[in-house]
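Below is one structure; the comments refer to it alone.
Chains as they are written, first to last, in the numbering used here: chain A, 1 to 323; chain B, 324 to 646.
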């Protein structure tokens, strides 16, 4: 099994510590390691090689963070077209019988016995020709994720991000799992299903891959591939999908509110203040009368955000980018 | 009349824009001018000379901010001993018949017809041998200031900082004025009253002044002068005190809450946020879900403070100083 690491994060949701030039998967904020490095570390015991698909401009950043002795192939996208094309490009790069463990590079996942168990289960199903998705057992009624309605290993439906009431009913039922963005399948099975359900993506991705040099995709070829996610393009349509539940530690770090749970605050001086996350390496931070807040300083950029509202941080990036 | 400008602020209440090395009176935050410069500008039409008393380490800072053509004498204190000694040192430096307008350097005062009227009234009374204090007509029930209980020009009592209930009754009565820290008197009258009510300060300040060279007071001499404010040492005891009410614009800028009213926010990107003061020259600031807050960034220092609690900012400085 090879590990396909998807490094396409755009870096707008954790501004200002994450930026388009330096997205969060490359930030060394977990004991000086990045999420990208932790992803490789976590999968190394289970995989005999790595494929990393990333933005062309991040290649040097990524190379600096990996051990030169590891077997790592890079595919560079000049522009992102979402996950269905990215995964297709990687599948063309390996033998069709090769099993790929597809993992986002920017999630924090516990590398424990639960992870190991889920991986073996997924690899077995992939070997049998299934497209396997990993479902996270929900721990609360999150409205920001899609859900998978499952019965054992069978997927009954993919569900859009629910409202709070629906999310609560999902949580209570016990049959709904968070859609994790992790997958496991044979390259050939994915490509066959992609060809069936999204033939234009398949066709254009094949041309783009065939024209590429040293893993670098041409800009025009890339722009010819329709944008779509693997969920919409393949998983929600294919009848070869199975789900493996994962009950270990999982955090998608999609916002400062998720970071709140896992990152230690920089030292700060707090007067009449509590329940704050402060990330401001190398700065002196004083808080007075501040509660339930996220304070982040990086270089000349500064964010103050109420806990629970950090999903809206990307709006700041949009405004900064003049959108 | 000469203007005695008192520049002894310690710079802990507006951290991080104000610091012990760069206290608030020297910050160019009002159309690129400092409060110190605004004080000189405001009093120039009424005074034929300036005496500036300041910490020795701030001499160069002050000199850079003044026009070399102005008649300004500096008295440098190696350490602060509060206002009664500082004013005494200045009084020894001028003729005893000289009228001194004593003004803090770090208040924001409207230089309008009300100011002019109060000044002429005070100068008249000073000419007659009175110690004149200026009383600000309160605009709300402030608990952070001392009050002057007055009947016309006569002072009936000096009152300590009141609790909120008392402050409200002061406001309602109309006979209570905020103690502004501005005074006007003949140098000789102040020294005579100081000699009478605080003879040790008088005596030690005289020695310190006589031993000084080019306005620089010796450290040991300075340490020999007891610390006290002009209010405690003289004004509350003397029977030569008169008060002149001042109804113009006045703001002591003693905290970020006072600054809130008079300083424009640096440009910032605010999402679902309102009623915030942002001072962060040269930084990009994003706020999400932040209300009624003060956000200040200067160099590598950062403050976030709830509006209404900025009196406690000095506690951060105390902690930084290891107190």
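Positions of the beta carbon are idealized from the N, C-alpha and C atoms, including for glycine.
- What residue 300 of chain A touches in chain B, judged by beta-carbon distance under 7 Å, is 605, 606, 607, going in chain order.
- Proximity of residue 610 of chain B to chain A, defined by a Cβ-Cβ separation below 8 Å, is satisfied.
- Note that the C-beta distance between residue 243 of chain A and residue 150 of chain A is below 8 Å.
- Under the criterion of beta carbons closer than 8 Å, residue 62 of chain A and residue 26 of chain A qualify as touching, at roughly 7 Å.
- Under the three-state reduction of DSSP, residue 319 of chain A is assigned to helix.
- For residue 120 of chain A, no pairing in a beta bridge is given by DSSP.
- Taken in chain order, the whole alpha helix (DSSP H) runs of length 4 or more contained in the region 112 to 172 of chain A are 113 to 127.
- Membership of residue 366 of chain B in the alpha helix (DSSP H) is indicated by the continuous run 358 to 366.
- Beta-bridge partners assigned by DSSP to residue 376 of chain B: B:329, B:398.
- Bridge pairing for residue 369 of chain B: absent [DSSP].
- At a cut-off of 8 Å between beta-carbon atoms, residue 543 of chain B makes no contact with chain A.
- For the pair residue 263 of chain A and residue 277 of chain A, the CB atoms are nearer than the 8 Å cut-off.
- Residue 416 of chain B: not part of any beta strand (DSSP E); DSSP gives it neither H nor E.
- Residues of chain B with a Cβ closer than 9 Å to the Cβ of residue 303 of chain A are, in chain order, 608, 609, 610, 611.
- Look at residue 530 of chain B here: in three-state DSSP terms it is helix.
- For residue 250 of chain A, there are no C-beta contacts with chain B under 8 Å, since the nearest C-beta of that chain is about 25 Å from it.
- Taken in chain order, the complete alpha helix (DSSP H) segments of 4 or more residues contained in the region 221 to 283 of chain A are 256 to 260.
- Here the alpha carbon of residue 558 of chain B sits roughly 30 Å from the alpha carbon of residue 345 of chain B.
- Bounds of the beta strand (DSSP E) holding residue 301 of chain A are 301 to 306.
- By the beta-carbon neighbour count (other beta carbons within 10 angstroms, threshold 16), residue 466 of chain B is exposed.
- Around the beta carbon of residue 222 of chain A, a 10 Å sphere encloses 16 or more other beta carbons of the protein chains shown; the residue is thus reported as buried.
- Residues of chain A with a Cβ closer than 9 Å to the Cβ of residue 620 of chain B are, in chain order, 283, 297, 300, 302.
- Within its own chain, the residues whose Cβ lies closer than 7 Å to the Cβ of residue 233 of chain A, once the five positions on either side in sequence are excluded, are 84, 194, 197, 198, 201, listed in chain order.
- The beta-carbon of residue 271 of chain A is placed less than 8 Å from the nearest beta-carbon of chain B.
- Ranked by how close their Cα comes to the Cα of residue 595 of chain B, the residues A:29, A:88, A:95, A:309 have A:309 in first place.
- Within a 10 Å sphere around the beta-carbon of residue 79 of chain A sit fewer than 16 other beta-carbons, which makes this residue exposed.
- The criterion of a C-beta distance shorter than 8 Å is not satisfied by residue 443 of chain B and residue 503 of chain B.
- When DSSP states are grouped into helix, strand and coil, residue 66 of chain A belongs to the coil group.
- Take residue 298 of chain A, set aside five residues on each side of it, and the residues of its chain with a beta-carbon closer than 6 Å to its own are 16, 17, in chain order.
- Assignment of residue 19 of chain A by DSSP, reduced to helix, strand and coil, places it in the strand class.
- In the structure shown, the three-state DSSP call for residue 424 of chain B is strand.
- Contacts between residue 586 of chain B and chain A, judged by CB atoms closer than 8 Å, are missing: the closest CB pair is about 18 Å apart.
- The Cβ of residue 494 of chain B sits no closer than 8 Å to any Cβ of chain A.
- Excluding residues up to 5 positions away in sequence, 91 lie with their Cβ nearer than 6 Å to the Cβ of residue 190 of chain A in the same chain.
- No Cβ-Cβ contact shorter than 8 Å links residue 431 of chain B with residue 326 of chain B.
- Ranking B:433, B:400, B:554 by CA distance to the CA of residue 353 of chain B puts B:433 first.
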